[in-house]
Structure formats: structure tokens, C-alpha cells
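Asks: Residue numbers (our numbering): 4 to 399.
We put the CB at the ideal spot given by N, CA and C, even for glycine.
Because the structure is a prediction, the values reported are computed rather than measured.
1. For residue 338, collect the residues of the same chain with a Cβ closer than 8 Å to its Cβ; drop the 5 residues on either side in sequence, then sort them by chain order.
2. Considering only residues of the same chain and omitting the five flanking positions on each side of residue 206, which have a CB-CB separation below 6 Å?
3. Using a Cβ-Cβ cut-off of 7 Å (strictly less than) and excluding sequence neighbours within five positions of residue 218, which residues of its own chain qualify?
4. What are the start and end residues of the alpha helix (DSSP H) that includes residue 12?
5. Please name the residue, chosen from 308, 227, 190 and 320, that lies closest to residue 10 on a Cα-to-Cα basis.
6. Evaluate the contact criterion for the stretch 283 to 300 versus the stretch 224 to 243: three or more CB pairs, one atom per stretch, below 8 Å.
7. Would DSSP call residue 287 helix, strand or coil?
8. Give the secondary structure of residue 275 by DSSP, where H, G and I count as helix, E and B as strand, and everything else as coil.
9. Identify whether residue 379 lies in helix, strand or coil by the three-state DSSP scheme.
10. Taking DSSP as the reference, what is the three-state secondary structure of residue 337?
11. Can you find the residues in the same chain that come closer than 7 Å, C-beta to C-beta, to residue 327, ignoring five residues on each side of it along the sequence?
12. Return the chain-ordered list of same chain residues with a C-beta closer than 7 Å to the C-beta of residue 114, the five sequence neighbours on each side being excluded.
13. Are residue 87 and residue 119 close, meaning C-beta to C-beta below 7 Å?
14. So within the stretch 142 to 207, which uninterrupted beta strand (DSSP E) runs reach at least 3 residues, ignoring any that extend past its ends?
15. Is it the case that the Cβ atoms of residue 140 and residue 215 are separated by a distance below 7 Å?
16. I'd like the list of long-range same chain contacts for residue 274, defined as Cβ closer than 7 Å, with 5 residues on each side in sequence excluded.
17. Tell me the rounded alpha-carbon separation between residue 385 and residue 329.
18. How long is the line joining the alpha carbons of residue 146 and residue 239, rounded to whole angstroms?
19. Using a Cβ-Cβ cut-off of 6 Å (strictly less than) and excluding sequence neighbours within five positions of residue 71, which residues of its own chain qualify?
20. Which value, in whole angstroms, describes the spacing of the CA atoms of residue 224 and residue 243?
21. Taking C-beta to C-beta, are residue 178 and residue 208 nearer than 7 Å?
22. In angstroms, rounded to a whole number, what distance separates the CA positions of residue 36 and residue 64?
23. In the DSSP assignment, find the alpha helix (DSSP H) that holds residue 243 and state where it starts and stops.
24. Measuring straight from C-alpha to C-alpha, what distance separates residue 84 and residue 101?
25. Do the stretch 180 to 190 and the stretch 250 to 262 meet, that is, are 3 or more Cβ pairs less than 8 Å apart?
26. Using the rule of at least 16 other Cβ atoms within 10 Å of the residue's Cβ for burial, across every protein chain shown, is residue 202 buried or exposed?
27. Between residue 298 and the rest of its own chain, which residues show a CB-CB distance below 6 Å, the 5 nearest in sequence each way excluded?
28. In whole angstroms, what separates the C-alpha of residue 51 from that of residue 379?
29. So who's on the other strand from residue 332, going by DSSP bridges?
30. So the candidates are 317, 323 and 315; which of them puts its Cα closest to the Cα of residue 303?
31. Distance, Cα to Cα, residue 121 vs residue 128?
32. If you draw a straight line from the C-alpha of residue 26 to the C-alpha of residue 277, how long is it?
33. For residue 54, count the other beta carbons within 10 Å of its own beta carbon; 16 or more makes it buried, fewer makes it exposed. Which is it?
34. Which residue wins for smallest C-alpha separation from residue 95, given the options 246, 75, 116 and 19?
35. Looking at residue 22: is its Cβ nearer than 7 Å to the Cβ of residue 34?
36. Near residue 198, what residues of its chain come up, given a Cβ to Cβ distance below 8 Å and the 5 sequence neighbours on each side ignored?
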């Protein structure tokens, strides 16, 4: 039986290589599956019901829209409060409004875990919004997104229309509303009705809209948020700021012509020198470090671990949290483990022991290598459990 990665399961029957070579940032991709339960392990109607049973939903978790017009939060929150009035939300839904759960990967546990798995594979930030649209309704007018999206139809059906691409690969600073009056929308170039289990990939910049007909609809929009080439240039600018020669003032209006001419030549020479000596791997590592620092903690079974950790023995079996990102650094005296935006430091002689923790997916406390004593092994394991790096598989 073939085992697919999370991403390849998402785009099945296409491979990752096929997708990134032929579709990513280039062309839309529609996959019809005729399998209404395809996404049940990610999201189903019971998950939505459970979400709305929460009587303390904050307004920033939700949006209410109709044909692109967003309803102000005060119209669907409790009086003088930022807490959503769930009854009002359902009244609005029955009136034709679309309900949007922002960042469902932060509030719906199956999406939390799925997002974590997928980010581990792709190594950049993802966001999952959930769109709940009543029958015979439209949430948004035609528009494009400034990031690539995957539409995962989970409940009901929805008709999607794709138009043209007026601006190639727009950034966050180039939203559709800024340019929409400059271009003719024209007729749709592709139209499809998504049914549960179907997928539609829409590259950023491709104008689209969607509407329901005879059924209500729930779909997940998975948004890609990778690093872009221009962001690498921004990192280079930060490197330039660290050099005194780039911190000089640009010539002003009363400086002589010869001075301004010299500035232009010096600036071009300095910039060329900076580029020639650039370590691109170092720049990419800086960006990845920023991503590691931004990652939220993996907390599955963490409470259970916390109340058992003082019962650790040498026979206890531990595991590195499956989707954790970390970075190991060292200097002459210490070794450092960076994860969850924090840095743990240990004496350099403990590095062989720490490597056991980092490189083994599952291990007994007694098998921690290095020079530490049995008591030291338990202390080291306890520290990494309390910090959320390790989890307990078997206490004894």
C-alpha cells in the first residue's frame, strides 16, 4: 500500500513534483474526487458544531460577509463586548450571510494537528480559514488573493468561476481593490461546481468568485505564506544596515553636483560588493530562523506530561514531538537548542547527551548517551519534557 505525504494526499493523484513544476504560481488545478468523505479526518460538520458551542468566541476569530461587504463586529457581538453572540450569528446565516472562521488551524483541534503536519513538510507558514455559506448566496464579489490558495470542499456544493490574471503574482501591497478599476473583468474562463472531497488550487492574482445554489456550503481555504524573492532582498537590506558605509546620509539638495555623482558611483560599487560577497545560504537560514521563532508550541498531551514528569525512571520511554522545529548552536562553553522562540543553554560536555534527544524519535531515558549520570539523564529528560520538546510515551 502506497503511503503519501500529507501534501501529496491533498493533491492526489498528482505528485508534489508535478504540482510545483506545472501548477504552482502558474495555473489553476481542479481535482474532482467523487469521495464526499475525503476530508473528514480534517474537518466535518461535527467540528463546526463544536466550534459554535463555545460561548466565549472572540470577534477576531470570525467574520460575517455578504457579496464582499463585511458586517461590523458590533452587529453580531454581545453588547459592550468583543464576545460573539452565537444566536445572532445563526440568524445572520439564515438571512444569507457567510460566516468565516479565521485561522481555524488555531481553534479546531483536527485542523491544528493537520496544519502542524503540513507545515512540517513544507517548512513555511500556512493558514486555514473556513467559509460557511447558506444556499443561494455569495460571500465575495470577484477578486484575487495576494497568496496562493487551495479550496477544500467539505460540505455541500459551491460554484466557482475563474476569470483572468490582471497582475502577475501580486504581493500584500498590491490588493485587488487598488487595481480593479483599471481592468475589464470579462467572462469566466473556467467554471466548476465543487462537491465534497474536491480540490481547487488558485494561484495568487487569478480573479475568482464563488456562489452557492441549492445547498449550503462549507469549504476550507488553505493559504500558502512562504518567503518570496523580494523578502530575501529585504534581508540583504538589513545586512547592509549593519555596515557603517551604508548608514551614511544620501546627498541633500545643496550638495554639489560632483559630490552627488561620486555618491552614485560609490553606492553602486558598495552594493555590487555586498552582492558579490553575499552568502545566500546564510540569508535563507536567517529567514528559516525567523520561522522557527514564530512557531507555536506543540501541546498534545502536554498537561498529561506535566503531571507525570516527576515519576520518570530510567525505563521511561520518551519521544521528540513529531512536528517540532529546532536549531542546535554551540560556542566554546555551551550548546544551545532553539525552538518555540526560546533558547535553552547547556554546558558543552552535555552535547552527546542532547544529541540523543534531538536525533532519536523514541528512546528510553537510560539510553541517553554521553557522560551524564543516571540522575543527570532523568534531570535532562525532565527539562526537555517541561519545555515541551519531548513527550512521554511510557512512564515506566
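Replies: By the coordinates alone:
1. Excluding positions up to five away in sequence, the list reads 331, 332, 348, 349, 350, 351, 353, 354 and 357.
2. Excluding residues up to 5 positions away in sequence, 28 and 151 lie with their Cβ nearer than 6 Å to the Cβ of residue 206 in the same chain.
3. Residues of the same chain with a CB within less than 7 Å of the CB of residue 218, apart from the 5 flanking positions on each side, are 138, 159 and 160 in chain order.
4. Residues 9 to 14.
5. Among 308, 227, 190 and 320, the Cα nearest to that of residue 10 belongs to 227.
6. Segments in contact, yes.
7. If DSSP states are grouped into helix, strand and coil, residue 287 belongs with the helices.
8. Secondary structure at residue 275: helix, using DSSP grouped into helix, strand and coil.
9. Correct three-state label for residue 379: helix.
10. Strand.
11. 301, 342 and 392, listed in sequence order.
12. The residues are 45, 46, 107, 108 and 131.
13. Not a contact, by the Cβ cut-off of 7 Å.
14. Counting whole runs of 3 or more residues, the stretch 142 to 207 contains the beta strand (DSSP E) stretches 152 to 159, 161 to 165, 193 to 197 and 202 to 205.
15. With contacts defined by Cβ atoms closer than 7 Å, residue 140 and residue 215 form a contacting pair.
16. Non-local C-beta neighbours of residue 274 in its own chain, meaning closer than 7 Å and more than five positions away in sequence, are absent.
17. One C-alpha to the other measures close to 18 Å.
18. Using only the alpha carbons, I get a separation of about 33 Å.
19. Correct list, in chain order: 143 and 144.
20. Whole-angstrom Cα-Cα distance: 38 Å.
21. Not closer than 7 Å, so no.
22. Just so you know, the alpha carbons of residue 36 and residue 64 end up roughly 31 Å apart.
23. Note, residue 243: alpha helix (DSSP H), 232 to 244.
24. Pairing residue 84 with residue 101, the inter-Cα distance amounts to about 22 Å.
25. The stretch 180 to 190, when compared against the stretch 250 to 262, does not touch it at the 8 Å Cβ threshold.
26. Burial call: buried.
27. Result list for residue 298: 328, in chain order.
28. CA-CA distance, residue 51 to residue 379, rounds to 47 Å.
29. BP columns for residue 332 point to 339.
30. For residue 303, the nearest C-alpha among the options comes from 323.
31. Residue 121 and residue 128: Cα-Cα distance of roughly 9 Å.
32. So the alpha carbons of these two residues sit roughly 34 Å apart.
33. Counting C-beta atoms within 10 angstroms of its own C-beta, residue 54 has 16 or more neighbours from the protein chains shown and is therefore classed as buried.
34. When each option's Cα is compared against that of residue 95, the closest is 75.
35. In this structure, residue 22 keeps its C-beta atom at 7 Å or more from the C-beta atom of residue 34.
36. Excluding the 5 residues flanking it on each side, residue 198 has same chain C-beta neighbours closer than 8 Å at 35, 37, 39, 156 and 160, in chain order.
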